[in-house]
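Novice:
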Amino acid sequence: MGLNKKKILVNGDTFVVMLSQQRIKTRVKQLAQQISKQYKGTIPVFIGVLNGSFVFFADLIREVTIDCEVDFLKLSSYGDAKISSGNVKLLKDLNCQVEGRDIIIVEDVIDSGLSMEYIRNLIMQQNPKSFCVVTLLYKKEAVKSPITIDYIGFTIPRDFVIGYGLDYAQRLRHLKAIYRLQTK
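Under the working numbering, the first residue of the sequence shown is numbered 6, with each subsequent residue one higher.
(1) Look at the alpha carbon of residue 144 and the alpha carbon of residue 72, and state the distance between them as a whole number of angstroms.
(2) If you draw a straight line from the C-alpha of residue 46 to the C-alpha of residue 40, how long is it?
(3) By the three-class DSSP mapping on this structure, what secondary structure does residue 62 have?
(4) Is the beta carbon of residue 161 closer than 8 Å to that of residue 184?
(5) Check whether the Cβ atoms of residue 96 and residue 76 lie closer than 8 Å to each other.
(6) Using the C-alpha atoms, what's the distance from residue 187 back to residue 14?
(7) Does the beta-carbon distance from residue 140 to residue 115 come in below 8 Å?
(8) I'd like to check one pair, residue 24 with residue 159: are the Cβ atoms closer than 8 Å?
(9) I need the boundaries of the alpha helix (DSSP H) containing residue 123, first residue and last residue.
(10) Just the Cα atoms here: how many angstroms apart are residue 78 and residue 182?
(11) Give every residue of the same chain whose Cβ lies closer than 8 Å to the Cβ of residue 10, excluding the five residues on either side of it in the sequence, and list them in chain order.
Next comes the structure, spelled out in structure tokens:
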């Protein structure tokens, strides 16, 4: 793998910068300010969707100015593929109390919407006070299931993306920018 700031080569694929580290940082701060304002005076539960959201989740939590709890869900719908299989499985359930609580789901990317539909159904069965979704990336053109997203960092095309928590076969999550697969 060759690595430089503008272009990354992985398994014969070329990835180019889509969102810079600074642009991501600025947007995360804006999202945190909006969420902090909306949930002022409450103690919501932020639920990160593993593995991809962990970088965004950590940065978002450090920027909010309200008290909160955190928990994580882990789903599987990709495996090592570049596109979702469409089959969503729960790999790690919640440890927190959901009933009567303000729930904020933190996702790295929403594309088909199937995982978020699964999460919404799972959470709503437990009678939360409210349910909110924040995603760093939204692939509007790829959505197959209508879902409500309360906070969107960036709307992007269907491109396969890596970095800032997003992986390619479990690798490259450490990259500080987000890169898109360059098509020929």
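Think of the CB as a built atom: it goes at the ideal place given N, C-alpha and C, for glycine as much as any other residue.
Specialist: With the given structure in hand:
(1) If I take the Cα positions, the gap works out to 30 Å.
(2) For residue 46 and residue 40, the distance between alpha carbons rounds to 12 Å.
(3) Correct three-state label for residue 62: helix.
(4) No Cβ-Cβ contact shorter than 8 Å links residue 184 with residue 161.
(5) Using a Cβ distance threshold of 8 Å, residue 96 and residue 76 do not count as a contacting pair.
(6) Straight-line Cα distance between these residues: approximately 10 Å.
(7) Yes, these two residues count as a Cβ contact at 8 Å.
(8) Cβ distance < 8 Å, so residue 159 and residue 24 count as in contact.
(9) Where residue 123 is concerned, the enclosing alpha helix (DSSP H) stretches over 119 to 129.
(10) Distance between the alpha carbons of residue 78 and residue 182: 24 Å.
(11) A distance below 8 Å between beta-carbons, with the five flanking residues on each side excluded, links residue 10 to the following residues of its chain, in chain order: 22, 182.
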